[in-house]
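Throughout the sequence shown, residue numbering follows our numbering, covering 1036 to 1408 in sequence. Below: the structure, in C-alpha cells.
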Amino acid sequence: MIKEGRVLLDIKVPEVVSSDMEVFYNPHMRENRDFSLLILLAYFQGDVKVCDPMGASGVRLLRMLLEISKVEKAIYNDLNPKAVEFFKGLIKSHNIPLERVEVYQEDACLLLRRLRNLDYVDIDPFGSPVPFLESALLPLSRHGILAVSATDTSVLSGTYPNTCQRRYGSLPLLSAEFYHEVGIRILIKKVIEEGAKLDFALRPLFSYSYRHYFRVFFKKDIGPRRTDQIIRNIGYLLYCDACLYRQGVFLEGLRDRCPYCGNRLLWAGPLWLGELWDEELLKKMWEIRGMVEISKETNKLLKAILQEAKYKSVGFYSASAIARTFKIGQMPPIERFLKVFCGVRTHFTGEGFRTSLSHGEVLKRINELLQRP
Ligand SMILES: C[S@@+](CC[C@H](N)C(=O)[O-])C[C@H]1O[C@@H](n2cnc3c(N)ncnc32)[C@H](O)[C@@H]1O
Ligand SMILES: [Zn+2]
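Encoded structure:
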C-alpha cells in the first residue's frame, strides 16, 4: 500500500517508472500533484469543477476530492480501461459520493471538446502537452486555470532544436546556463499562442522546473484586447557566450553583436519575456500550505520560488558558467556569489542565482572577484 496525501493506493511501482505500467502511477510526480492542490486552495473562492482528462491512477483527483471541500465535481478520463477500473475502485474504497465524480474512457481531446464550464483542467500527458492544448482551453471558464506539465524538457531546453522548432515554433538555447528557463519560456509562449488564436488571454501564474518535467499554471481570460496585452510580452532572448550578456528584446531590439564585448550574439525564441510567477498567489499558497498534505520537497520548492520571484530577471547566472567563462580557477562557494552579486538562489539549479544588477555591473564585480579570489 502506498499513501499519498489521504489516498491509499494498492499499486506496485517498478524500480523504473515507465508508461508500460498497467495503471500508471508515478510517485515522483507527488510534488506536481501537491502544487495542483495548493493552487486550487489558494486561487478559488467558491465551488469548483475540475478535470483530469488523462487521469491514470486518478490519485490527483482523488486527493482533490478528499482534501478540498470546494471541489464540487471531479471529471476523470483515461483511454486505458484498466486505469478507469482502478479509479472506480479507489472512489469506492475512499467512500466518495458518486455525484461528485464523472468517469469517462475516451480520447482526452474528444471529451474536452464536449465539456463546458470547467474551472480547472490539468494536462499531464506522457511527453509533450502540445496535442491537447487547444482542446483543453475550450471548456475552461473565464478565470479558470489550465495546468500544463511537459516532460519533453530536453526538446524545450535545446538538445533537439529541430524538434523544438517543429513542435513549439521556437528556437531553444542549450548553451545558456539557464537553458531550462528558456525551455519553460518557450512552453509558455506556445500555450499563449494556442489561446490567442481563439481570443483567449492566458497569463502564467506559477511555473517551475523539477526533476524531469516543467509545469506551468495559466489563468484564462477572454477578449482580443486582453489577449493583445499578453502577446506583447513575447519576444526573443539575446545571449553572449563570451561574456554571459543576456537580454530579452522585441523584434526591433534584435542585434548581432554583444554591446559589452563585441562577440557575435546567439539568440532564442520567440519566447515569453513576462513574469513566471504571480507574487500574490505565491504568498497565498505559502500561507495555506498547512491545509493540505504536501511533501517536504514541495515545501522546499515553494519556499525557494517565493524568494526567487522577487527578482524579475529573464535568465540567471550560475557559479560554474562564471568560473568557466572568466577562468576562475578556484571556484568560490555559491554564498560568495550571492553576496558579491546581491543575488538570490534560483530553484532551477543549485548553483544558479538571480540578480537585479545590470550586466555591466556584474562584469565589474566579476573583475573584482578575479583580483581578490
Ligand atoms: C502521465 S499519465 C497521467 C498521470 C495523472 N494525471 C496523475 O496525476 O497521476 C498519462 C495518462 O494518459 C493516458 N492517455 C494517453 N493518451 C491519452 C489520450 N489521447 N486520451 C486520454 N488518455 C490518454 C495514459 O493511459 C496515461 O494513463
Ligand atoms: Zn559579450
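Ideal Cβ positions, reconstructed from N, Cα and C, are used throughout, including at glycine.
Can you list every residue whose CB sits closer than 5 Å to some heavy atom of ligand 2, going in chain order? 1275, 1277, 1278, 1280, 1293, 1295, 1296, 1298
Quick check on residue 1363: does DSSP put it in helix, strand or coil? coil
Is the beta carbon of residue 1390 closer than 9 Å to that of residue 1212? no
Just to confirm the assignment, what range does the beta strand (DSSP E) spanning residue 1233 have? Premise fails: residue 1233 is in no beta strand (DSSP E) and is neither H nor E.
Among 1101, 1153, 1224, nearest to residue 1305 - alpha-carbon criterion: 1224
Quick one: measure Cβ to Cβ for residue 1100 and residue 1091, integer angstroms, because I've assumed they're closer than 8 Å. With 8 Å as the limit, residue 1100 and residue 1091 do not qualify as a contact, their Cβ atoms being about 16 Å apart.
With distance defined between alpha-carbon atoms, name the residue in 1275, 1268, 1040 nearest to residue 1286. 1268
For residue 1114, is the beta carbon positioned less than 8 Å from some heavy atom of ligand 1? yes
For residue 1264 versus residue 1349, is the C-beta distance shorter than 9 Å? no
Please classify residue 1347: is it buried, with 16 or more other beta-carbons within 10 angstroms of its beta-carbon, or exposed? exposed
Given this structure, state the Cα-to-Cα distance separating residue 1216 from residue 1141, to the nearest angstrom. 34 Å
For residue 1078, three-class secondary structure by DSSP: helix
Residues of its chain near residue 1399, where Cβ-Cβ distance is below 6 Å and the 5 sequence neighbours each way are ignored: none
How long is the line joining the alpha carbons of residue 1368 and residue 1375, rounded to whole angstroms? 11 Å
Would you kindly work out how many angstroms separate the C-alpha atoms of residue 1300 and residue 1382, rounded to a whole number? 27 Å
By how many angstroms is the C-alpha of residue 1057 removed from the C-alpha of residue 1065? 19 Å
Spatial distance of residue 1077 from residue 1351 (CA atoms): 28 Å
Any contact between the stretch 1152-1170 and the stretch 1179-1193? By contact I mean 3 or more CB pairs, one from each, below 8 Å. yes
Contact set for residue 1036: own chain, Cβ-Cβ below 8 Å, skip 5 residues either direction: 1043, 1044, 1045
Could you check if residue 1068 belongs to the surroundings of ligand 3, using beta carbon to heavy atom distance under 8 Å? Annotation note on ligand 3: not contained in the displayed structure, which lists ligand 1 and ligand 2 as its ligands.
Own chain partners of residue 1323 with C-beta closer than 6 Å, once the 5 adjacent residues on each side are dropped: 1076, 1077
Leaving out the 5 sequence neighbours to the left and right, which residues in its chain are closer than 6 Å to residue 1380 when beta-carbon positions are compared? 1388
Is any non-hydrogen atom of ligand 1 found closer than 8 Å to the C-beta of residue 1144, if you look at the structure I gave you? yes
Would you check if there are 3 or more beta carbon pairs closer than 8 Å linking the stretch 1220-1234 to the stretch 1243-1257? yes
Keeping to the same chain, check which residues put their C-beta closer than 8 Å to that of residue 1136; ignore five residues upstream and five downstream. 1096, 1100, 1108, 1109, 1110, 1111, 1126
For residue 1401, list the residues DSSP reports as bridge partners. For residue 1401, which the question treats as bridged, DSSP gives no partner whatsoever.
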